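Peer 1: Chains as they are written, first to last, in full-length UniProt numbering: chain A, 1 to 655; chain B, 1 to 655.
There are 2 protein chains.
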Amino acid sequence: MGHGTNRVEDMTSPNTATARETIVEIHSVCLPPKKTTFQKLKKRFADVFFPDDPLERFRNQTWRNKVILGLQSLFPIFTWGSQYDLKLFRSDVISGLTIASLAIPQGISYAKLANLPPIVGLYSSFVPPLIYSVLGSSKHLAVGPVSIASLVMGSMLSESVSPTQDPVLYLKLAFTSTFFAGLFQASLGLLRLGFLIDFLSKPTLVGFTAGAAVIVSLQQLKGLLGIVHFTGKMQFIPVMSSVFNHRSEWSWETIVMGVGFLIILLTTRHISMRKPKLFWISAASPLASVVISTLLVFLIRNKTHAISFIGHLPKGLNPPSSNMLYFSGTHLALAIKTGIITGVLSLTEGIAVGRTFASLKNYQVNGNKEMMAIGFMNMVGSCTSCYVTTGSFSRSAVNYNAGAKTAASNIVLASTVLVTLLFLMPLFYYTPNLILAAIILTAVIGLIDYQAAYKLYKVDKFDFFTCMCAFFGVLLVSVPLGLAIAVVVSVIKILLHVTRPNTLEFGNIQGTQIYQNLKRYREASRIHGFLILAVESPIYFANSTYLQERILRWTREEETRIKENNGSTLKCIVLDMTAVSSIDTSGIEALFELRRRLEKQSLQLVLVNAVGSVMEKLHKSKIIESLGLSGLYLTVGEAVADLSSTWKAHGQPRI
Amino acid sequence: MGHGTNRVEDMTSPNTATARETIVEIHSVCLPPKKTTFQKLKKRFADVFFPDDPLERFRNQTWRNKVILGLQSLFPIFTWGSQYDLKLFRSDVISGLTIASLAIPQGISYAKLANLPPIVGLYSSFVPPLIYSVLGSSKHLAVGPVSIASLVMGSMLSESVSPTQDPVLYLKLAFTSTFFAGLFQASLGLLRLGFLIDFLSKPTLVGFTAGAAVIVSLQQLKGLLGIVHFTGKMQFIPVMSSVFNHRSEWSWETIVMGVGFLIILLTTRHISMRKPKLFWISAASPLASVVISTLLVFLIRNKTHAISFIGHLPKGLNPPSSNMLYFSGTHLALAIKTGIITGVLSLTEGIAVGRTFASLKNYQVNGNKEMMAIGFMNMVGSCTSCYVTTGSFSRSAVNYNAGAKTAASNIVLASTVLVTLLFLMPLFYYTPNLILAAIILTAVIGLIDYQAAYKLYKVDKFDFFTCMCAFFGVLLVSVPLGLAIAVVVSVIKILLHVTRPNTLEFGNIQGTQIYQNLKRYREASRIHGFLILAVESPIYFANSTYLQERILRWTREEETRIKENNGSTLKCIVLDMTAVSSIDTSGIEALFELRRRLEKQSLQLVLVNAVGSVMEKLHKSKIIESLGLSGLYLTVGEAVADLSSTWKAHGQPRI
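1) Kindly indicate which three-state DSSP category N410/A falls into: helix, strand or coil?
2) Where in the UniProt domain "STAS" (520-643) of chain A do unbroken runs of the beta strand (DSSP E), each at least 3 residues long, occur, reported from the N-terminal end onward?
3) How do the stretch 610-625 of chain A and the stretch 566-577 of chain B stand: do at least 3 beta-carbon pairs fall below 8 Å, yes or no?
4) On the CB-based measure, 16 or more other CB atoms within 10 Å of its CB, does P480/A come out buried or exposed?
5) Measuring straight from C-alpha to C-alpha, what distance separates R553/B and E559/B?
6) If we count the other Cβ atoms within 10 Å of its Cβ and call it buried at 16 or more, is S602/B buried or exposed?
7) From Y170/A, S28/A, S137/A and F530/A, pick the residue whose C-alpha is nearest to that of L332/A; which is it?
8) When the cut-off is 9 Å and only beta carbons count, does E349/A lie next to chain B?
9) What do you get for Y430/B, buried or exposed, if any count of 16 or more other CB atoms within 10 angstroms of its CB means buried?
10) So, does the CB of K458/B fall closer than 9 Å to a CB anywhere in chain A?
11) Beta-carbon within less than 8 Å of W250/B's beta-carbon, same chain only, minus the 5 sequence neighbours each way: which residues are those?
12) Please report the distance separating the alpha-carbon of A414/B from that of F592/A.
13) In chain order, what residues of the stretch 606-622 of chain A put their CB closer than 7 Å to some CB of chain B?
14) Checking 9 Å against the spacing of the C-beta atoms, do P145/B and S124/B come in under that value?
15) At a Cβ cut of 7 Å, what residues of the stretch 59-88 of chain A count as close to chain B, listed as they run along the chain?
16) Would you decide whether S582/A is buried or exposed? Buried here means 16 or more other CB atoms lie within 10 Å of its CB.
17) How many angstroms separate the CA atom of T254/A from the CA atom of F199/A?
18) Can you name the start and end residues of the beta strand (DSSP E) that T503/B belongs to?
19) Y454/B CB to nearest chain A CB: under 9 Å?
20) Write down every uninterrupted run of the alpha helix (DSSP H) in the stretch 448-474 of chain B whose length is 4 residues or greater and which is fully enclosed by it, in chain order.
21) Of the residues T389/B, L441/B and G121/B, which one's Cα is nearest the Cα of A212/B?
22) Closer than 8 Å, Cβ to Cβ, to anything on chain B: give me those residues from the stretch 535-546 of chain A, in chain order.
23) Measuring CA to CA, which of F465/B, V444/B and L422/B is closest to Y454/B?
24) May I have the straight-line CA-CA distance separating V239/B from S160/B, to the nearest angstrom?
25) Quick check on L299/A: buried or exposed, where buried means 16 or more other Cβ atoms within 10 Å of its Cβ?
26) Between T416/B and G96/B, which are expected to be in contact by the criterion C-beta below 8 Å, what is the C-beta distance as a whole number of angstroms?
27) Report the residue from P54/B, L151/B, V412/B and I341/B whose alpha carbon sits nearest the alpha carbon of V127/B.
28) Considering only C-alpha positions, which residue in the set F230/A, L360/A, L504/A and G507/A is nearest to F244/A?
29) Just the C-alpha distance for H312/A and P426/A, rounded to the nearest angstrom, thanks.
30) Could you check the C-alpha separation between Y633/B and T578/B for me, to the nearest Å?
31) On the three-state DSSP scale, how would you describe G136/B?
32) What whole-angstrom Cβ distance do T390/B and V640/B have, given they're in contact under 8 Å?
33) Note down the Cα distance separating G350/B from N609/B, rounded to an integer number of angstroms.
34) What are the residues of the stretch 484-498 of chain B that lie near chain A, defined by any Cβ-Cβ distance shorter than 9 Å?
35) What is the rounded straight-line gap between the Cα of A288/A and the Cα of K315/A?
36) Under 7 Å Cβ-Cβ, which residues of chain B neighbour T390/A?
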């Protein structure tokens, strides 16, 4: 790169005299408007907890309107209920019945996944949808038990308490965990800490869900192969060894029937995925399979006993279970831990599903309010024999495709489950366990999103790494630990970015006032006497030492380069602070130290375009005064122009 | 703020025709030069682990030079040893003797602080300085036991093992902790993970040190009041209640003598602080006090037994202690934990002290190499009856003021301790414990840096909060927990900044191409049809949802504002990405979603000046193609000029 002797001239050459004067006109860097600490705290507090400005709608309203708006915001049913008509009702009935046909077999299946009695799955498909329809702000969320939360609850609780040997304690723990899940969810919403679930990033969730889906699928081998003595563990290796060590228990009748229905279910799912209009095929097939397989087992009931079936299920509505909550004793910690983890996971799923469909129909789902709705739903659920529920992705998709218009479809769903609980329970007597396994398998296979993982691999290797950590963590270590590993890896990524920020050398793009990265813009070139560096991160205790050393190294390298090219001496380090969005006291001290050390080498340090909060701290710490008048500029261009002209005026060698 | 109808004209008005053409000339945004994943990983790896480019000096050297440079870099003694002369030696002898006079009484005192036999403090002032003089790269560091690490070791170990009831096990654990401290320190250096100690930010250290100093001071009440039965706890409340519950044990002779010497020591310290030239007064006063008080106790030994004294100390050099290291058993976890915490703390102190004096004399101290030196010193120390040592701030300051020129002053120090160990031990028989308490008190009172805390309060409230967390955490909870709380608070600050980043509305400063924060620069004004927003943080999973919602809220608010002012319609959202130093897949998805939702409102989304790595990911994820040609600009000015002219060309209402 050739370096002309009058770079500064070059720089301004395309704009003639008038333009150059404009350049040397220097704009002072303003301090932000003065605010008291209280005002700043208030703003910061509002930013963190009320980014959506929830009171905006209430401003300039009469008292009556305020009350109505308040009621509507607490109970969204008031918002849509007043405009509800027959047409909306027709849509909701159709979609409600469709999701019910899916929810009943899935409810039974997922309860088994959580090692709970199948009837609890139906109970959980009755009360929670009713509550959600009153409190929830999503129009398409179909509420009920979901696979991931069921799996996690099952795996965490059964590590300490055996669901077969101590079923009552197990049930108690399940309801207690549900209560704590709800409490945790509602608190997150109430304290407006909903942003905490953002820390479960998409890559984490893709990996975690896929890992959990694999685990769930492997667990289904028990039902699909007819194995009686199966391991209670969840990890890949013990499950696989359990499958092959019990080969004598494999039952060919179960395998034939199970695989047959599995193929049917997968095929109907495939058809519906290809043609969303045919959503009803995959929506109806689980119930149809249940009916057909139950009939089949009923018909051959005297010929073979190889196929295990559900057996007796109690008739009647949800019994109250508040007396089963468990607030003391050795397992309380386990219940709380399980509650928090299933709570976070089900919340994440519910919010994500709600947001997805809201975005498709262009309406807003308020995260914090949804959390309160889901949390309250689970707290009530825990007192009415329900376990953790949330919005399920598969059923919500069916709901959406079936044309649901309001949360009333959840009422239709609940009513259908009500009828089932009251009258149809005996029909499930001969329902074979293998069909439940097939239904679960079909549902969870769709959760293995290898395309998303491939996209992560292509776009962002680190995100892919996080995803793999979650996947293998869940598969090989344990479900909660896998999740924890992935969250820690995501946080480390943020910290690493802050600890080792980029510093870039800028140059001027000839004929403009634009200064850009020298490595990226070939047309950019260095300016004699200046080293222009941009720091791409806040300056914090975690990186202040690094940045100080790195900038000194840039200076050394630049001086070596100049010496090799026989250029003129370096005089000034310009630090572009545009991307330094924040600074703390360690950062300020590093700047002080940097200035001191550069001064010893007769180099000037100039700061450019410090943002408001940084500027304020620089001012308070008196560093600005110590930099002097020519230590602070609004743009790199102004700094370069002004300093060059000063040097010229002082009769230094022309640059 | 009045809004003219031809804002765009206004904007360019000071520069006449030629200038405007320059503006409408659009510079394309470049992708960074292509690199393979391996190259990127390599660069990232080098940035994280080798920011100082340690092999730089070895390039273009002959083999012989490379070997010499290698030896010098492993053993800094080769660097200064070859140029060592009599003049340097004279300076080092003076400073070495001065710090020895301080190190001997402090060594004995600090060992008592760690609940160890006083002689271990002298052992620890002999071997470690010798090793450091060979390996260390600081010229002024005076090595030996320090108060904070002694306190932490004492408090952590005595929680599980009583030093009076089981002294051998206690001693074993102390040596084992020292070994692990050294191992941990050396590993940090070897694995180049030194940056981890940066997470102990200055505010954390100010608060932690002050809290620890208060605890240490309170502990000295035992010696100063002559209490025999003192609590083993460290927290403020139990210590104070112990002091007042044992009022019957207070001994007036001890109190009078102790307070007398304390006043002398504090006065001499004060004089030396006022006049650094008189450093020798405070350096000599501890030894003088020890001598005088020992004499006093010797003289009154038959008259009173109220004053307790050290008693018999073994003569002779450090006995080997490698057989006392303890690598199995119930207390191993405690030893490792204590080792890591004391290791981190002593490392932080050593590195900080080294850097401070290096910066005063303008030489470099290599962090990772220092860690290896300190770590190796402690590992050897643990095998020669030493406990954790590092560079002490107070003694290094004396060393510096006494004119130390090289690490040879540590050799002089060690030789003096050698003579003491071999011949002078019986002289300490009558040294009263109260004088040790007074020496410790004088040393630690200086650690309470209330001025630094006040400065934190003035400049950065959050840093002050971190500092207070550390202070009260140490004082009221426990030493390691207080430290952990403060580190977590510091990390949360970083995460909070990332989770809730600033978004700013920009406007044009009339007559320039500068776009700046509207709230801060009064002369900046909005441009019709545009909403220009700057995002001040990387876009990550932790903030992508927030940013998306926040930008949509900005849009809503801007539209309301326009409606109120009867302005022309909003057409375009310009997102200035200059400060977005990084993006991940969640961030990209948020941008996609944002664009989709803005499009539904017939608003265009334009990205400006995406930095290299962001640009690359935008490119890979195809978002750039979906934004179209006019979706990406290098500067806000170019975006505004180009889009306005396009709109005009398409015959839309003139803006």
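Backbone N, C-alpha and C define an ideal beta-carbon position, used for all residues, glycine too. Here the structure is a predicted model, which is why all the values come from computation and not from measurement.
Peer 2: Once the coordinates are examined:
1) As a position in the first sequence, residue 410/A is number 410, starting the count at 1. Reduced to three states, the DSSP call for N410/A is helix.
2) Every beta strand (DSSP E) of 3 residues or more that sits fully in the UniProt domain "STAS" (520-643) of chain A is shown, in chain order, as 530-535, 572-576 and 604-608.
3) No: fewer than three Cβ pairs fall under 8 Å.
4) Numbered from its first residue, the first sequence carries residue 480/A at position 480. That one is buried.
5) As a first step, residue 553/B must be located in the second sequence, where it is residue number 553. As a first step, residue 559/B must be located in the second sequence, where it is residue number 559. When rounded, the distance between both Cα atoms is 10 Å.
6) Within the second sequence, residue 602/B is the residue found at index 602, counting from 1. S602/B comes out exposed.
7) As a first step, residue 332/A is located in the first sequence; it is residue number 332 there, counting from the start. Of Y170/A, S28/A, S137/A and F530/A, the residue nearest in Cα terms is Y170/A.
8) Here residue 349/A is taken as the residue at index 349 of the first sequence, counted from 1. For E349/A, the answer is no, since every Cβ of chain B falls outside 9 Å of its Cβ.
9) The sequence position of residue 430/B within the second sequence is 430, counting from 1. So Y430/B ends up on the buried side.
10) On the second sequence, residue 458/B is found 458 positions in, with the first residue counted as 1. Closer than 9 Å: yes.
11) As a working note, residue 250/B is residue 250 in the second sequence. The beta carbon of W250/B sits closer than 8 Å to those of L225, G226 and I227, all from its chain and outside the five residues before and after it, given in chain order.
12) Start at 1 with the first residue of the second sequence, and residue 414/B comes out as number 414. Start at 1 with the first residue of the first sequence, and residue 592/A comes out as number 592. If you take the alpha carbons of A414/B and F592/A, they lie about 37 Å apart.
13) Residues passing the 7 Å Cβ filter: V611, G612, K617, K620 and S621.
14) Position 145 of the second sequence, counting from 1, holds the residue named residue 145/B. Position 124 of the second sequence, counting from 1, holds the residue named residue 124/B. Their beta carbons are under 9 Å apart, which means P145/B touches S124/B by this criterion.
15) Contacts with chain B (Cβ-Cβ distance below 7 Å) from the stretch 59-88 of chain A involve no residue at all.
16) As a first step, residue 582/A is located in the first sequence; it is residue number 582 there, counting from the start. Buried, since its Cβ has 16 or more Cβ neighbours within 10 Å.
17) As a working mapping, residue 254/A is identified with position 254 in the first sequence. As a working mapping, residue 199/A is identified with position 199 in the first sequence. Taking the straight line from one Cα to the other gives about 43 Å.
18) In the second sequence, counting from the first residue as 1, residue 503/B sits at position 503. T503 to I509 is the span of the beta strand (DSSP E), which, as asked, contains T503/B.
19) Position 454 of the second sequence, counted from the first residue, corresponds to residue 454/B. Not one chain A Cβ lies under 9 Å of Y454/B.
20) Listed in chain order, the complete alpha helix (DSSP H) runs (minimum 4 residues) inside the stretch 448-474 of chain B are 450-459 and 461-472.
21) Locating residue 212/B in the second sequence gives position 212, counting from the first residue. Taking A212/B as reference, the option from T389/B, L441/B and G121/B with the minimal CA-CA separation is L441/B.
22) Answer set for the stretch 535-546 of chain A: E536, S537, P538, Y540, F541, A542, N543, S544, T545 and Y546.
23) Indexing the second sequence from 1 puts residue 454/B at position 454. Per the Cα distances, F465/B.
24) As a first step, residue 239/B is located in the second sequence; it is residue number 239 there, counting from the start. As a first step, residue 160/B is located in the second sequence; it is residue number 160 there, counting from the start. The straight-line gap from Cα to Cα measures roughly 18 Å.
25) Along the first sequence, read from residue 1 onward, the residue named residue 299/A stands at position 299. Exposed is the label assigned to L299/A, since fewer than 16 other Cβ atoms lie within 10 Å of its Cβ.
26) As a working mapping, residue 416/B is identified with position 416 in the second sequence. As a working mapping, residue 96/B is identified with position 96 in the second sequence. A Cβ-Cβ separation of about 7 Å places T416/B in contact with G96/B under the 8 Å criterion.
27) Your numbering for residue 127/B matches position 127 in the second sequence. When P54/B, L151/B, V412/B and I341/B are compared, the shortest CA-CA separation from V127/B is found for V412/B.
28) As a first step, residue 244/A must be located in the first sequence, where it is residue number 244. Nearest option by C-alpha distance: F230/A.
29) Counting from 1 along the first sequence, the entry for residue 312/A is found at position 312. Counting from 1 along the first sequence, the entry for residue 426/A is found at position 426. Approximately 7 Å between the Cα atoms of the pair.
30) Here the question's residue 633/B lines up with position 633 in the second sequence. Here the question's residue 578/B lines up with position 578 in the second sequence. So the two alpha carbons sit approximately 11 Å from each other.
31) Mapped onto the second sequence, residue 136/B falls at position 136. Here G136/B sits in coil by DSSP.
32) Here residue 390/B is taken as the residue at index 390 of the second sequence, counted from 1. Here residue 640/B is taken as the residue at index 640 of the second sequence, counted from 1. Here T390/B is actually not in contact with V640/B; their C-beta atoms are around 58 Å apart, not less than 8 Å.
33) Within the second sequence, numbered from 1, the residue matching residue 350/B stands at position 350. Within the second sequence, numbered from 1, the residue matching residue 609/B stands at position 609. Roughly 43 Å between the two C-alpha positions.
34) The residues in question are S490, V491, K493, I494, L495, L496, H497 and V498.
35) By one-based count along the first sequence, residue 288/A stands at place 288. By one-based count along the first sequence, residue 315/A stands at place 315. Put simply, the backbone Cα of A288/A is about 22 Å away from that of K315/A.
36) On the first sequence, residue 390/A is found 390 positions in, with the first residue counted as 1. Those do not exist, as T390/A stays about 18 Å from chain B at its closest Cβ, beyond 7 Å.
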